[in-house]
Ligand SMILES: C[S@@+](CC[C@H](N)C(=O)[O-])C[C@H]1O[C@@H](n2cnc3c(N)ncnc32)[C@H](O)[C@@H]1O
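Numbering (the numbering used here), first residue to last: 6 to 434.
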């Protein structure tokens, strides 16, 4: 055991100790004096356990979650919420100045909503008949009875389902619990085999709400496939009838099934799309290309203000949702198509229009940035869930004649270290 001072907070929200030996300490805050255990782990990533906080930071608070010390889901519950926002803002500034080569940055506009009960979908793993999350950097299950960042409806489902899952542990490896904006609850289970026929109706009868929606997905690709990887999954609908989850963006209503990508924080999603519309300030004559468009979350609100929108996305099912939602909302000036944007092909590469929206997964959008003809593009709106790939992509985009004019840190994932960012690039030459 040794007593050390925490010099800084890493971008993954780990305390950084520099003296007498460099190491990372989860749960420690910058400026604190702490006691740590022996250093372990890889040479490039030495870690030590936090044994005691001797002199706490004034920014430290008691974590609300009973599982916080063992669960790997949240990393920042012990930091006051306003400081969490500053941490994310600084992280964004650091990554952009270091890796996008930007010396001066516009003011960071911060979007935040409530730090707890914001998660409208929650994915849990099943091991040994118990439901939970994995501990940080491991596949050890931490059984969860309640999750403070999830909505109350999801916590109600979890309390009911936890004991029942033990009976069907051979059929269920993961569970996703959802609550939509209007309170509708849904369940998506995933396993390597279909559920027994009688189990669905029995379980639905004992559910805490009468109209629970439930899909079971059978993986055809073997163990370890996440629910997001829906391409190799066969879906079994266990509730009767045709029902959807829903959310609203202004005058538009989106319907969705739990099986495909949707934003997890509905309040921040509303603020994010409103900010995108505000920043782009479309006049009505623009052609917009929305890449990684999902189910049209950004494309459809933009289509209300542009001449036309083309949306491209890998998931056929998301494209079908986008088309369905365009039709329901009577939007005719939008066209959606499937395409793998990591191997981009298509006419739209040569004629992207005057506005391009990029909202890629964590890996970023390097391939499509390289392939697209940017010469006629006036504005680029980039939404990112990974500030590191954002910085690298900006280093590719800015030399194509753009300047960074707006910058925002959006707290899509409060209490975690993850930072969602939005930037607006405008043509300078
Ligand atoms: C961060 S989400 C954004 C979705 C949408 N813009 C929204 O606001 O909901 C990223 C999207 O990229 C899609 N995607 C992942 N890999 C892709 C690929 N190789 N080509 C095209 N789309 C991909 C995902 O299916 C997902 O819909």
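Glycine included, each C-beta is placed from N, C-alpha and C at the ideal position.
Near ligand 1: residue i beta-carbon under 6 angstroms from a heavy atom
| i | result |
| --- | --- |
| residue 298 | yes |
| residue 159 | no |
| residue 303 | yes |
| residue 346 | yes |
| residue 323 | yes |
| residue 349 | no |
| residue 81 | no |
| residue 389 | no |
| residue 318 | yes |
| residue 364 | yes |
| residue 266 | yes |
Buried versus exposed call for residue i [16 or more other C-beta atoms within 10 Å across all chains shown]
| i | result |
| --- | --- |
| residue 263 | buried |
| residue 6 | exposed |
| residue 48 | exposed |
| residue 83 | buried |
| residue 201 | exposed |
| residue 520 | Lying before the first or after the last residue shown, residue 520 is absent from the chain, which here runs from 6 to 434. |
| residue 416 | buried |
| residue 424 | buried |
| residue 261 | buried |
| residue 164 | exposed |
| residue 216 | exposed |
| residue 280 | buried |
| residue 302 | buried |
| residue 19 | buried |
| residue 72 | buried |
| residue 42 | exposed |
| residue 62 | buried |
| residue 126 | buried |
| residue 420 | buried |
| residue 351 | exposed |
| residue 229 | Confidence at residue 229 is low in this model, with a pLDDT of 45, below 50, so its placement is unreliable and no value can be given for it. |
| residue 130 | buried |
| residue 299 | buried |
| residue 237 | Low confidence applies here, because residue 237 scores a pLDDT of 44, under 50, leaving its location unreliable; read the following figure in that light. Exposed. |
| residue 288 | exposed |
| residue 286 | exposed |
| residue 142 | exposed |
Anticipated Cβ contact below 8 angstroms, residue i with residue j, distance rounded
| i | j | result |
| --- | --- | --- |
| residue 325 | residue 271 | With a Cβ gap of about 21 angstroms, residue 325 and residue 271 do not count as contacting. |
| residue 362 | residue 386 | 5 angstroms |
| residue 39 | residue 58 | 5 angstroms |
| residue 407 | residue 364 | No, residue 407 and residue 364 are not in contact; Cβ-Cβ is about 17 angstroms, not under 8 angstroms. |
| residue 191 | residue 218 | 4 angstroms |
| residue 400 | residue 104 | 6 angstroms |
| residue 369 | residue 398 | 5 angstroms |
| residue 161 | residue 177 | Incorrect: roughly 19 angstroms between the Cβ atoms, too far for contact. |
| residue 257 | residue 182 | Their Cβ separation, rounded to whole angstroms, is 25 angstroms, which puts residue 257 and residue 182 out of contact at 8 angstroms. |
| residue 340 | residue 315 | 5 angstroms |
| residue 308 | residue 338 | 5 angstroms |
| residue 331 | residue 389 | So it is not a contact: roughly 25 angstroms between Cβ atoms. |
| residue 69 | residue 34 | Not really, about 17 angstroms apart at Cβ, beyond 8 angstroms. |
| residue 50 | residue 422 | Not confirmed; about 15 angstroms, so no contact. |
| residue 75 | residue 140 | 6 angstroms |
Sub-7 angstroms separation of residue i and residue j beta-carbons
| i | j | result |
| --- | --- | --- |
| residue 4 | residue 259 | The question about residue 4 has no answer, for the chain in this structure spans 6 to 434. |
| residue 132 | residue 110 | no |
| residue 414 | residue 93 | yes |
| residue 78 | residue 138 | yes |
| residue 292 | residue 359 | yes |
| residue 37 | residue 9 | no |
| residue 124 | residue 149 | no |
| residue 312 | residue 290 | yes |
| residue 268 | residue 199 | no |
| residue 328 | residue 343 | no |
| residue 184 | residue 159 | yes |
| residue 294 | residue 220 | no |
| residue 382 | residue 357 | yes |
| residue 113 | residue 412 | yes |
| residue 81 | residue 89 | yes |
| residue 52 | residue 29 | yes |
| residue 205 | residue 243 | yes |
Short CB-CB distance (under 7 angstroms) between residue i and chain C
| i | result |
| --- | --- |
| residue 184 | In the displayed structure, chain C is absent; only one protein chain is listed. |
Which ranges does the beta strand (DSSP E) cover as unbroken runs of at least 3 residues, wholly within the stretch 173 to 237, from first to last along the chain? 179 to 184, 190 to 196, 218 to 224
For the stretch 338 to 416, list the alpha helix (DSSP H) runs that are entirely contained and at least 4 residues long, ordered along the chain. 371 to 376, 392 to 402
Of all the beta strand (DSSP E) runs that stay within the bounds of the stretch 78 to 129, which reach a length of 3 or more residues? 113 to 116
Continuous alpha helix (DSSP H) assignments of at least 4 residues falling wholly in the stretch 275 to 337: 304 to 308, 321 to 333
Ignoring anything shorter than 4 residues or poking outside the stretch 7 to 50, list the alpha helix (DSSP H) runs there in chain order. none
Please give me, in chain order, every unbroken run of the beta strand (DSSP E) with length at least 3 that falls completely inside the stretch 235 to 274. 238 to 242, 250 to 254, 257 to 261
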